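Numbering (this note's numbering), first residue to last: 17 to 494. Yeah, the Cβ is synthetic: ideal placement off N, Cα and C, and Gly gets one too. Everything numeric in this text was worked out from a predicted model, so none of it was measured. Below you'll find the structure, written out as structure tokens, and then a few comments.
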């Protein structure tokens with residue numbers, strides 16, 4: 017990036033000019049905050065927070081590229097002031113507030129902390145405290161009642177806070193939500209079909225793009241930790257981008273009726289207008305496509321033809337109130353040539369256990385070396401009968417991120433960790449996952465009456481999880 021800008025060469029330089037022209041990227045930017053409280057619905061100091069968040073990120077980015085200390089000083093001034101002052105993010109739309117602007121603050125803080133910016137470690141620790149106490153509480157529980165872009169906003173910022181605070185437990189919870197969360201913000205509930213149709217495809221195209229862009233932000237953070245959310249579910253995120261880009265470019269796409277996880281949005285839901293693809297904002301494109309396009313096409317060599325058309329159309333990519341954008345500057349890259357791993361793969365994350373008739377089925381998100389863009393070659397699964405071990409290897413050289421453990425005692429509680437390996441080395445062990453092989457006695461799990469989908473139960477040593485379907489428990493068949 018620095019070389020392209022110094023030589024005023026190609027798309028990256030054009031992207032840098034977009035950044036330079038931003039009024040929020042000036043070293044003499046006049047900070048509008050800080051404030052003790054800000055939020056949305058009702059709007060309290062909303063524009064102030066949005067402006068300062070963008071200024072903190074953009075000044076930190078110019079500092080990292082150019083080495084101009086004045087920009088580092090400005091970013092430090094903004095981040096420190098908000099970390100000292102902010103007490104809470106509020107409002108009915110507080111999840112969006114914290115999720116959209118917190119991501120910019122967290123990225124600014126990450127850049128300042130790991131460059132020679134002059135930001136002290138004590139200042140960074142105070143910023144950690146602010147993220148945990150002021151920003152995180154609003155997004156900690158995601159948004160199980162709302163459209164998907166709320167959940168994806170929480171997802172990207174929870175993940176960024178976890179990384180900045182070096183909080184492995186929070187990072188694991190966040191990755192697990194991304195692939196197995198109950199709300200509309202998880203990947204399979206945001207991109208509801210493998211075709212790429214999104215939960216908000218029926219609402220408006222700019223809302224569908226908002227959710228996709230935020231998923232891309234989360235996936236990029238995870239990728240840099242060696243965790244391949246981008247590739248989860250057969251490149252499910254790419255499918256969403258391609259579907260939405262194709263429709264926006266004027267072509268037809270397949271559509272299936274869908275009722276969302278809240279039961280409010282979609283065919284048969286309380287808001288019954290969401291029963292067909294929305295034409296609202298069709299043909300409009302937001303600054304989200306460069307990052308995903310270059311990941312799939314040039315990091316991974318996976319075709320993304322419709323994303324490519326949109327990225328080229330919008331190049332150099334701009335930025336917005338909701339999205340960090342600037343993808344041409346930050347993410348443009350030539351196609352990666354064949355590469356070999358030069359470090360161990362990332363630590364496996366996103367472990368999920370599912371009880372089966374035969375035992376416990378474990379899945380996790382694929383590990384990668386993010387520098388060489390190579391996958392982990394294999395995994396080993398380790399099990400203990402008490403938390404913290406000692407662990408015994410029960411499977412090695414597992415080639416895919418899934419393992420079915422059948423050699424166990426029914427009703428027993430087990431604790432699992434997974435390691436990833438390539439020819440260079442072996443990762444650290446994943447966060448521990450407890451799981452029970454069926455419910456411990458005397459508990460039983462039974463469906464009542466006639467059900468379309470059988471219920472499911474599991475126990476992790478602390479909590480019971482129950483899933484089931486049906487309108488009621490009335491009638492003769494029940």
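Whole runs of the beta strand (DSSP E) within the stretch 388-476, excluding any shorter than 3 residues: 394-400, 408-414, 418-421, 429-437, 449-452 and 472-475
Residue span of the alpha helix (DSSP H) that contains residue 379, given as start and end: Sequence index remark: in the chain shown, residue 379 carries index 363 (1-based). Not the alpha helix (DSSP H): residue 379 falls in the beta strand (DSSP E), residues 376-381.
Can you tell me where the alpha helix (DSSP H) holding residue 262 begins and where it ends? By 1-based counting over the chain shown, the position of residue 262 is 246. Residues 248-264.
Could you check where the beta strand (DSSP E) with residue 54 kicks off and where it finishes? On the chain shown, residue 54 is found 38 positions in, with the first residue counted as 1. Per DSSP, residue 54 belongs to the beta strand (DSSP E) from 53-55.
What does DSSP give as the partner residue(s) for residue 105 in the beta ladder? Position 89 of the chain shown, counting from 1, holds the residue named residue 105. Beta-bridge pairing links residue 105 to 54.
By alpha-carbon positions, which one of 147, 219 and 227 ends up nearest to residue 302? If you number the chain shown from 1, residue 302 lands on position 286. Of the listed residues, the one whose Cα sits closest to residue 302 is 227.
State whether the stretch 324-336 contacts the stretch 17-32, with contact taken as three or more CB pairs (one from each stretch) at a distance under 8 Å. yes
Indicate whether residue 437 and residue 377 have their beta-carbon atoms separated by less than 8 Å. Locating residue 437 in the chain shown gives position 421, where the first residue counts as 1. Locating residue 377 in the chain shown gives position 361, where the first residue counts as 1. Result no, Cβ atoms of residue 437 and residue 377 do not sit closer than 8 Å.
In the structure shown, what three-state DSSP assignment does residue 214 receive? In the chain shown, residue 214 corresponds to position 198, counting from 1. Strand.
Pairwise C-alpha distance: residue 244 and residue 452: Numbered from 1 along the chain shown, position 436 holds the residue referred to as residue 452. Numbered from 1 along the chain shown, position 228 holds the residue referred to as residue 244. For residue 452 and residue 244, the distance between alpha carbons rounds to 27 Å.
Is it buried or exposed, residue 84, if we count other Cβ atoms within 10 angstroms and call 16 or more buried? Along the chain shown, one-based indexing puts residue 84 at 68. It counts as exposed.
Measure the C-alpha to C-alpha separation of residue 362 and residue 459 and round it to an integer number of angstroms. Taking the chain shown and counting its residues from 1, one reaches residue 362 at position 346. Taking the chain shown and counting its residues from 1, one reaches residue 459 at position 443. Whole-angstrom Cα-Cα distance: 38 Å.
Any idea if residue 78 is buried or exposed, counting beta-carbon neighbours within 10 angstroms, 16 or more meaning buried? On the chain shown, position 62 is the one that residue 78 refers to. Buried, since its Cβ has 16 or more Cβ neighbours within 10 Å.
From 426, 402 and 391, residue whose alpha carbon lies closest to that of residue 443: Walking along the chain shown from the start, residue 443 turns up at place 427. For the residues 426, 402 and 391, the minimum Cα distance to residue 443 belongs to 391.
Beta carbon of residue 254 nearer than 8 Å to that of residue 35: The sequence position of residue 254 within the chain shown is 238, counting from 1. The sequence position of residue 35 within the chain shown is 19, counting from 1. Going by C-beta atoms, residue 254 is not nearer than 8 Å to residue 35.
Whether or not the stretch 157-173 and the stretch 202-212 are in contact is what I'm after, with contact meaning three or more pairs of Cβ atoms, one per stretch, closer than 8 Å; do they touch? yes
DSSP three-state call for residue 95: helix, strand or coil? The residue labelled residue 95 in the question sits at position 79 within the chain shown. Helix.
Can you give the Cα-Cα distance for residue 368 and residue 269, rounded to whole angstroms? On the chain shown, residue 368 is found 352 positions in, with the first residue counted as 1. On the chain shown, residue 269 is found 253 positions in, with the first residue counted as 1. Approximately 32 Å, taken between the alpha carbons.
Hey, quick one: how far does the beta strand (DSSP E) through residue 366 stretch, first residue to last? What you label residue 366 is simply residue 350 of the chain shown in a count that begins at 1. Residues 365-371.
Cut-off 7 Å between Cβ atoms - residues of its own chain near residue 379, not counting five sequence neighbours on either side: Reading the chain shown from its first residue, position 363 is the one you call residue 379. Around residue 379: 368, 417 and 418.
Helix, strand or coil: which one does DSSP assign to residue 311? Here residue 311 is taken as the residue at index 295 of the chain shown, counted from 1. In the structure shown, residue 311 sits in a helix (DSSP, three-state: H, G or I).
Tell me, to the nearest whole angstrom, how far the beta carbon of residue 403 is from that of residue 448; I am working on the premise that it is less than 8 Å. Taking the chain shown and counting its residues from 1, the one referred to as residue 403 is at position 387. Taking the chain shown and counting its residues from 1, the one referred to as residue 448 is at position 432. Confirmed, Cβ separation roughly 6 Å.
Determine the extent of the alpha helix (DSSP H) in which residue 17 is found, giving its start and end residues. Numbered from its first residue, the chain shown carries residue 17 at position 1. From DSSP, residue 17 is part of no alpha helix (DSSP H); its letter is neither H nor E.
Check whether the Cβ atoms of residue 322 and residue 292 sit closer than 8 Å, and answer yes or no. Within the chain shown, the letter at position 306 stands for residue 322. Within the chain shown, the letter at position 276 stands for residue 292. In this structure, residue 292 does not lie closer than 8 Å to residue 322 by Cβ.
Candidates 159, 370, 439 and 297, of which the one nearest residue 454 by Cα: Position 438 of the chain shown holds residue 454. Nearest C-alpha to residue 454: 370.
Within 8 Å, strictly: CB atoms of residue 13 and residue 115: A question about residue 13 goes unanswered here, because the residues of the chain that appear run from 17 up to 494.
Closer than 8 Å is the cut-off here; do at least three beta carbon pairs connect the stretch 210-226 with the stretch 274-289? yes
Grab me the residues of residue 150's own chain with a C-beta within less than 8 Å of its C-beta, minus the 5 sequence neighbours each way, in chain order. Here the question's residue 150 lines up with position 134 in the chain shown. Excluding residues within five positions, the ones whose Cβ falls inside 8 Å are 102, 103, 104 and 105.
If contact is defined by three or more beta carbon pairs under 8 Å, each pair taking one atom from either stretch, is the stretch 349-356 in contact with the stretch 52-68? no
Could you give the DSSP three-state label for residue 339: helix, strand or coil? As a first step, residue 339 is located in the chain shown; it is residue number 323 there, counting from the start. Here residue 339 sits in coil by DSSP.
According to DSSP, simplified to helix, strand and coil, what is residue 481? On the chain shown, residue 481 is found 465 positions in, with the first residue counted as 1. In the structure shown, residue 481 sits in a strand (DSSP, three-state: E or B).
Could you tell me how far apart the beta carbons of residue 43 and residue 80 are, in whole angstroms, since I believe they sit closer than 8 Å? Position 27 of the chain shown, counting from 1, holds the residue named residue 43. Position 64 of the chain shown, counting from 1, holds the residue named residue 80. Going by Cβ atoms, the distance from residue 43 to residue 80 rounds to 14 Å, so no, they are not a contact pair.
Quick one: any contact between the stretch 260-268 and the stretch 186-194, if contact means 3 or more CB pairs under 8 Å? no
Neighbour-count burial assignment, residue 137, 16 or more Cβ in a 10 Å radius: One-based indexing of the chain shown puts residue 137 at position 121. Looking at its Cβ environment, which holds fewer than 16 other Cβ atoms inside 10 Å, residue 137 is exposed.
Beta-carbon within less than 6 Å of residue 396's beta-carbon, same chain only, minus the 5 sequence neighbours each way: which residues are those? As a working mapping, residue 396 is identified with position 380 in the chain shown. The residues are 409, 412 and 435.
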